[in-house]
Amino acid sequence: MKNWRVLMHNSAVHQSLITLIEQLDVEVYSPESTTYRKRPDRPSSTKKVVRLFPGYLLLRFDPEVTHTTTITALNGARGFVQFGGQTCVMQDSTVEGLKAASLVRADRWLDCIEFRNLPTELEKTLRLIIDMKSDAARRAAFLALLAQDAALERLVRRHGTLCYSRVRAA
5 MKNWRVLMHN
15 SAVHQSLITL
25 IEQLDVEVYS
35 PESTTYRKRP
45 DRPSSTKKVV
55 RLFPGYLLLR
65 FDPEVTHTTT
75 ITALNGARGF
85 VQFGGQTCVM
95 QDSTVEGLKA
105 ASLVRADRWL
115 DCIEFRNLPT
125 ELEKTLRLII
135 DMKSDAARRA
145 AFLALLAQDA
155 ALERLVRRHG
165 TLCYSRVRAA
């Protein structure tokens, strides 16, 4: 079954590692933040792209088809993020939320960011993580989100475990 996993890697070989992983028929996502700044001397704008989590790649693959050791054997790959000795599996909703949260329009008149079909708590968490200026703080918050996802996944996998969520009606 295809799931999202987080690969730690050497940032110096980022693009070549992505190319090698894609050749293995594995979906790769590297979250980026794109900022457009209006140039003071011209009517155009400059585009700045920053990787949100340098040293980490999100991979979607089936370990029965492409084994994790095949990926970690590639040049620059260090290993998968683990919690409690188990490889962390991210929920699809978290990755889709991250993709949606990092999308912005390219026009100069952008004054808000629109989200669709996201739970408000996930929306707030992802927006806070993306807006952090410090790489170290952003990575720490990202790993905390992964740990929370991993704990929820373990609860759901246990046979007979009930999961409750609180819903506030406005």
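Residues are numbered in our numbering as their position in the sequence shown, beginning at 1, plus a constant of 4.
By construction, the Cβ of each residue, glycine as well, lies at the ideal position given by its N, Cα and C atoms.
It should be emphasised that the depicted structure is a prediction, and the values quoted were computed from it without experimental measurement.
- Annotation for L62: the continuous beta strand (DSSP E) segment containing it runs Y60 to F65.
- The straight-line gap separating the alpha-carbon atoms of G101 and I75 is approximately 25 Å.
- Per DSSP, the continuous beta strand (DSSP E) segment holding H13 begins and ends at N7 to H13.
- Pairing V10 with L63 gives a Cβ-Cβ distance under 9 Å.
- For T38, the uninterrupted beta strand (DSSP E) segment begins and ends at E36 to K42.
- Contact check for P58 and S15: beta-carbon distance about 5 Å, within the 8 Å limit, so the pair qualifies.
- The DSSP-derived three-state label of E68 is coil.
- Going by beta carbons, L150 and C92 fall inside the 9 Å limit.
- Burial state of R46 is exposed, judged by a 10 Å Cβ sphere holding fewer than 16 other Cβ atoms.
- Secondary structure note for S20: it is in no beta strand (DSSP E), and the uninterrupted alpha helix (DSSP H) holding it is H18 to Q27.
- Contact check for T70 against L28 passes: the beta carbons are separated by less than 9 Å.
- Within its own chain, the residues whose Cβ lies closer than 8 Å to the Cβ of R43, once the five positions on either side in sequence are excluded, are S49 and T50, listed in chain order.
- Counting along the chain, the unbroken beta strand (DSSP E) around K52 starts and ends at S49 to R55.
- Excluding sequence positions up to five before and after I22, its CB lies within less than 6 Å of the CB of V32, all in the same chain and listed in chain order.
- Counting of Cβ neighbours within 10 angstroms places M5 among the exposed residues, the total staying below 16.
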